[in-house]
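Note sheet for the following structure.
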Amino acid sequence: MSSKEITQVFATYKKARTTFANSVAELVKQPRHIEAMIQQETGMLDLLRPLLLDTDPSVQQNAALALGRLANYSPQLAEKIVASEIVPQLVASILKNNKYYQRHAAFVLRAIAKHGPRLAQAVVDSGAVDALVKCLDEFDPLVKESAAYAIGNISMHSPELAQICVDQGCVGLLLTCAQQPEQSLKKVAISSLANICSHTPELAQAVVDAEGIPVITPLILNPVVKRQACQCLAFIAKHSVELAELVVEGEIFPKIFALLQDPEDEIVRKNAASCIMQVSKHNPELAALIVNAGGLPAIVDYVSNAEGDNKLPGIMILGFIAAFQETMATAVIKAKSVQPLGNALSPSYSDHLRAAAAWSLGQIGRHSSEHAKAVAEANILTLLNEAFLDDKASEDLKSKSKRALKAIIQKCTYLDALNPLLSEKAPQSILKYVVKQFEALLPDDVEAKKRFVQSKGLQKLQLIKTDDEALQESIKFINNLYPDELVKYYTPGYDKELLQKIDE
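Residue numbers for the sequence shown follow our numbering, beginning at 1255 and rising by one.
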């Protein structure tokens, strides 16, 4: 065999490897092709694995790209890749190859790690975190981005996995990535930091200690990164008063309020609301900052306009603020929040959302008679009662509706709102508070006593049958405020008694 023929044999083999790696990488873009390969038992993983060590860089890169797409497709394929011991091989070679291979190798790691904590742990056990952190310090922005993405997918599953990434020094490098000009790199870096911050105060503090807040807070105005920046700040603020105060010191108010009406991205609106919520929940001082910065109108608009469960953070903000102080509850009322919160009690929404609305309304109405009246005038007591009586409602919704009813009723002096709750069919756990309010308010108000009769309140009172001694005493007390003849007139069966007397 001549030298030319020998060369031709190897050239043919190289071309075949290149064609195979390219073709598989293209084929696995389509899920139907992956399914066909699985069904035909092609042994694709065994064929791709040696190509990761190929002498031709393009073959290596396409083999890694194909493996990444396979791992991304399903947890089952990711499991098979891990079982094939491909991951240690990838990790060992990631820093020895060019930027194209590094991107694709990091893609494989991120695709495996995304599927769950066990697979993420397998990636960690292969020594991948150290290699990925070193990739964050590479020159190529796409290598940095792919590595940051992989670290985010590892970190998101548990505090322990996130701590491993932090211990390897990822935080400072991610913050450096967030300051690079490439927008997609900024976005992935902030998203990965958010995954780290989400777990514990200590992990959030690690980001803060690395001077993370001055880097992250300006990005809430970045059109590409604002979604991730708001989420990251929310995860920092949620853990403690101190961390929330540091977020506020980053001067997010009032800028973040404008994001509640972001015209393009519903998730930006929700993440901005979540960030404000995490700040508002800690103490009166932080809640007051939101009020004083003029945030309430924007929050109420958000609750009115958001779809479905996206309303939740806005509803919670209003409840947190109202809960702290009477004056702040008044500010919440003046911002015209009661009706949007009442609308959120509709059965068309999830029980989780309705329960949050019930809780927030209870926090608004529990402070004083004026607060209770503002809530009651919007027909909220009836809506809460309907939610409490809804057979299909969750226990959480029933419980929160009951507590809100009790809190508002005990402060309510607006008798016209209490009257609809005065019914023999009403649950006695609520009825006793309603009757108790009438007992307290009627004796000193002649006009109220008249209206109680005219609105059929006295008549409805006679229809109530109860074994509750306290409720019986309250009914008796109210009846004693009126002439016996009037009470008898409204007592069930009295008409028959009168007719019997006529017959006699």
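All C-beta atoms, glycine included, are put in the ideal place defined by N, C-alpha and C.
- Query: Looking at C-beta atoms only, is the number of pairs between the region 1359-1367 and the region 1394-1412 that lie closer than 8 angstroms three or more?
  - Reply: yes
- Item | Close Cβ partners of tyrosine 1354 (< 6 angstroms) along its chain, the five nearest in sequence each way excluded | Translated into the one-based positions of the sequence shown, residue 1354 becomes position 100. So the qualifying residues of the chain are Gln1315.
- Item | methionine 1410 in three-state terms, based on DSSP | Taking the sequence shown and counting its residues from 1, one reaches residue 1410 at position 156. Three-state DSSP puts methionine 1410 in coil, outside helix and strand.
- Message: Using the three-state DSSP reduction, which class does proline 1681 fall into: helix, strand or coil?
- Response: The residue you call residue 1681 lines up with position 427 of the sequence shown. Residue state, collapsed to three classes: coil.
- Find the nearest neighbour of arginine 1271 within the set Leu1305, Pro1285, Gln1294 and Val1378, judged by alpha-carbon distance. On the sequence shown, residue 1271 is found 17 positions in, with the first residue counted as 1. Taking only the C-alpha atoms, the option nearest arginine 1271 is Leu1305.
- Between Glu1392, Val1341, Leu1299 and Cys1486, which lies nearest to valine 1461 when the distance is taken from Cα to Cα? Here residue 1461 is taken as the residue at index 207 of the sequence shown, counted from 1. Valine 1461 has its Cα closest to that of Cys1486, out of Glu1392, Val1341, Leu1299 and Cys1486.
- Message: With three or more beta-carbon pairs closer than 8 angstroms as the criterion, would you say the region 1640-1650 touches the region 1664-1671?
- Response: no
- Query: Contact check, leucine 1840 vs alanine 1589 under 8 angstroms by CB: the rounded distance?
  - Reply: Any property of residue 1840 remains undetermined from this structure, which presents the chain solely from 1255 to 1758.
- Pairwise C-alpha distance: aspartate 1650 and aspartate 1698: The residue you call residue 1698 lines up with position 444 of the sequence shown. The residue you call residue 1650 lines up with position 396 of the sequence shown. Roughly 38 angstroms between the two C-alpha positions.
- If you scan the region 1646-1672 from start to end, which runs of the alpha helix (DSSP H) of 4 or more residues do you find wholly inside it? 1649-1663 and 1669-1672
- Query: Just how far apart, CA to CA, sit leucine 1696 and lysine 1565?
  - Reply: As a working note, residue 1696 is residue 442 in the sequence shown. As a working note, residue 1565 is residue 311 in the sequence shown. For leucine 1696 and lysine 1565, the distance between alpha carbons rounds to 40 angstroms.
- Message: Determine whether the beta carbon atoms of isoleucine 1779 and leucine 1439 lie at a separation below 8 angstroms.
- Response: Look at the range of the chain in this structure, 1255 to 1758, and you will see that residue 1779 is not part of it.
- Alpha-carbon to alpha-carbon, isoleucine 1575 and leucine 1281: If you number the sequence shown from 1, residue 1281 lands on position 27. If you number the sequence shown from 1, residue 1575 lands on position 321. Approximately 55 angstroms between the Cα atoms of the pair.
- Starting from the N-terminal side, write out each stretch of the alpha helix (DSSP H) that is 4 residues or longer and does not extend beyond the region 1482-1549. 1495-1503, 1509-1512, 1520-1534 and 1538-1546
- Any idea what DSSP makes of glutamine 1691, helix, strand or coil? Working through the sequence shown from its first residue, we reach residue 1691 at position 437. In this structure, glutamine 1691 counts as helix in the three-state DSSP scheme.
- So, isoleucine 1340 versus arginine 1372, is the Cβ gap smaller than 8 angstroms? One-based indexing of the sequence shown puts residue 1340 at position 86. One-based indexing of the sequence shown puts residue 1372 at position 118. Result no, Cβ atoms of isoleucine 1340 and arginine 1372 do not sit closer than 8 angstroms.
- Message: I need the straight-line Cα distance from aspartate 1300 to threonine 1261, nearest angstrom please.
- Response: Position 46 of the sequence shown holds residue 1300. Position 7 of the sequence shown holds residue 1261. Between aspartate 1300 and threonine 1261, the C-alpha separation is close to 27 angstroms.
- Same chain, Cβ closer than 8 angstroms to alanine 1464, neighbours up to 5 away in sequence not counted: Taking the sequence shown and counting its residues from 1, the one referred to as residue 1464 is at position 210. So the list reads Val1425, Gly1426 and Leu1429, once near-sequence residues are dropped.
- Environment of tyrosine 1267 [buried if 16+ CB atoms lie within 10 Å]: Counted from its first residue, the sequence shown places residue 1267 at position 13. Exposed, since its Cβ has fewer than 16 Cβ neighbours within 10 Å.
- Item | Contact belief for glycine 1548 with tyrosine 1556 at Cβ below 8 angstroms, rounded distance in angstroms | As a position in the sequence shown, residue 1548 is number 294, starting the count at 1. As a position in the sequence shown, residue 1556 is number 302, starting the count at 1. 14 angstroms between Cβ atoms; not a contact.
- Query: By the 10 Å Cβ neighbour count, where 16 or more other Cβ atoms means buried, how is arginine 1286 classified, buried or exposed?
  - Reply: Numbered from 1 along the sequence shown, position 32 holds the residue referred to as residue 1286. Its Cβ having fewer than 16 others within 10 Å, arginine 1286 is exposed.
- Residue ranges of each alpha helix (DSSP H) within the region 1327-1408, 4 or longer: 1329-1337, 1340-1348, 1353-1367, 1371-1379 and 1382-1390
- Got a sec? Which residues, its chain only, sit under 6 angstroms from alanine 1275 by beta carbon, not counting five neighbours each side? Taking the first residue of the sequence shown as 1, we reach residue 1275 at position 21. Same-chain partners within the cutoff: Leu1305, Val1313, Asn1316 and Ala1317.
- Cα separation between isoleucine 1474 and alanine 1724? Sequence index remark: in the sequence shown, residue 1474 carries index 220 (1-based). Sequence index remark: in the sequence shown, residue 1724 carries index 470 (1-based). One C-alpha to the other measures close to 57 angstroms.
- Query: Distance, Cα to Cα, lysine 1368 vs isoleucine 1444?
  - Reply: Position 114 of the sequence shown, counting from 1, holds the residue named residue 1368. Position 190 of the sequence shown, counting from 1, holds the residue named residue 1444. Roughly 17 angstroms separates the two Cα atoms.
- Along the chain, where does the alpha helix (DSSP H) that runs through valine 1592 open and close? Within the sequence shown, residue 1592 is the residue found at index 338, counting from 1. Its alpha helix (DSSP H) spans residues 1592-1597.
- Message: Buried or exposed, going by whether 16 or more other CB atoms sit within 10 Å of the CB of phenylalanine 1393?
- Response: Position 139 of the sequence shown holds residue 1393. Exposed is the call here.
- Close-in-space but distant-in-sequence residues of the same chain around serine 1558 (CB under 6 angstroms, 5 per side omitted): As a first step, residue 1558 must be located in the sequence shown, where it is residue number 304. The residues are Pro1594.
- Kindly indicate the opening and closing residues of the alpha helix (DSSP H) around aspartate 1699. Position 445 of the sequence shown, counted from the first residue, corresponds to residue 1699. Neither: aspartate 1699 is in no alpha helix (DSSP H) and is coded neither H nor E.
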